[in-house]
């Protein structure tokens, strides 16, 4: 297990990462202490962004595959690996396909509810990861992302996440308002 965690820590330290780093994982694990996470959920947190290439649209699929390979070598059962992989795949849409994914998705989305200065720092770090995208295209994508989340009846799925709903919606609305003033 130690070798696996070292590999994952190395991955989260790749130079092209600015938001999807080991700090993101540590924050999720720290917050997750309030949720009594299973081993499968904790491993899903570790693996959900293990493969992260901003130009790819298969990061979650690649991360789920990596989870299957690595956990298989540790002797995890196929059923447990499948739970981890399903959670990792659900982080792509931010919508849980089964209850075990709900707390992990809430933890992954919880930075949307951060205080404004932290939210803004996170937003800038994500932008650094997408430096290859022209500014106008990036702003269109950011607007589409924020608008799509605001259209959902709920962003968070657990009782724990309920308290995050209003601040996340406020930050997303502020993002759209800022984009409106920049165009």
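Residue numbers (this note's numbering): 272 to 454. Even for Gly, the Cβ is constructed at its ideal location relative to N, Cα and C. Since the model is a prediction, treat every value here as computed from it, not as a measurement.
Worksheet item: Thinking just about the alpha-carbon of each residue, which of 417, 423 and 439 is nearest to the one in residue 447?
Response: Residue 447 has its Cα closest to that of 417, out of 417, 423 and 439.
Discussion item. Does residue 416 come out as helix, strand or coil in the three-state DSSP assignment?
Written reply: In the three-state reduction of the DSSP assignment, residue 416 falls in the helix class, which pools H, G and I.
Discussion item. Runs of 4 residues minimum, wholly inside the region 348-391: which ones carry the alpha helix (DSSP H) assignment?
Written reply: Runs of the alpha helix (DSSP H) inside the region 348-391: 349-364 and 372-380.
Item to complete: With a 10 Å radius around its C-beta and 16 neighbouring C-beta atoms as the bar for buried, classify residue 348 as buried or exposed.
Response: Taking a 10 Å sphere around the C-beta of residue 348, we find fewer than 16 other C-beta atoms and assign the residue as exposed.
Item to complete: For residue 398, I'd like the list of residues in its chain whose CB is within less than 7 Å of its CB, leaving aside the five on either flank, ordered along the chain.
Response: Beyond the five residues adjoining it in sequence on each side, residue 398 comes within less than 7 Å, by CB distance, of 409 in the same chain, given in chain order.
Practice prompt. State the CB to CB distance for the pair residue 390 and residue 442, rounded to an integer number of angstroms; the pair is presumed to be in contact (CB under 8 Å).
Written response: About 5 Å; that satisfies the 8 Å criterion.
Worksheet item: Considering only the beta carbon of each residue, do residue 324 and residue 351 sit closer than 8 Å?
Response: Contact check for residue 324 against residue 351 fails: the beta carbons are separated by 8 Å or more.
Worksheet item: Under the three-state reduction of DSSP, which class applies to residue 432: helix, strand or coil?
Response: Annotated three-state conformation of residue 432 is helix, per DSSP.
Fill in: Three-state secondary structure (DSSP) of residue 293
Residue state, collapsed to three classes: helix.
Discussion item. Report the CB separation of residue 403 from residue 326 in whole angstroms; it is logged as a contact under 8 Å.
Written reply: So it is a contact: roughly 7 Å between Cβ atoms.
Worksheet item: How would you write the range of the alpha helix (DSSP H) that residue 426 sits in, first residue to last?
Response: Unbroken run through residue 426: none, as it is neither H nor E.
Worksheet entry | CA-to-CA distance, residue 451 to residue 276, given in whole angstroms | When rounded, the separation of the alpha-carbon atoms in residue 276 and residue 451 is 42 Å.
Worksheet item: Beta carbon of residue 368, beta carbon of residue 357: below 8 Å?
Response: Yes, these two residues count as a Cβ contact at 8 Å.
Fill in: Spatial neighbours of residue 336 in its chain, beta-carbon cut-off 7 Å, leaving aside the 5 residues before and after
Nothing meets the Cβ criterion.
Worksheet item: Which term fits residue 405, buried or exposed, when burial requires 16 or more other beta carbons within 10 angstroms of its beta carbon?
Response: The residue is exposed, with fewer than 16 neighbouring Cβ atoms inside 10 Å.
Worksheet entry | Ranges of the alpha helix (DSSP H) found wholly within the region 314-340, counting only runs of at least 4 | List check, alpha helix (DSSP H) in window: nothing returned.
Worksheet entry | Minimum C-alpha distance to residue 355 - residue among 437, 392, 309 and 274 | The alpha carbon of residue 355 has as its nearest neighbour, out of 437, 392, 309 and 274, the alpha carbon of 309.
Fill in: CA-to-CA distance, residue 432 to residue 304, given in whole angstroms
Taking the straight line from one Cα to the other gives about 13 Å.
Discussion item. Using C-beta distances below 7 Å, list every residue in its chain close to residue 334, excluding the 5 sequence neighbours before and after it, in chain order.
Written reply: Closer than 7 Å at the Cβ level, and outside the excluded window around residue 334, lie 318, 319, 320, 321, 322 and 359.
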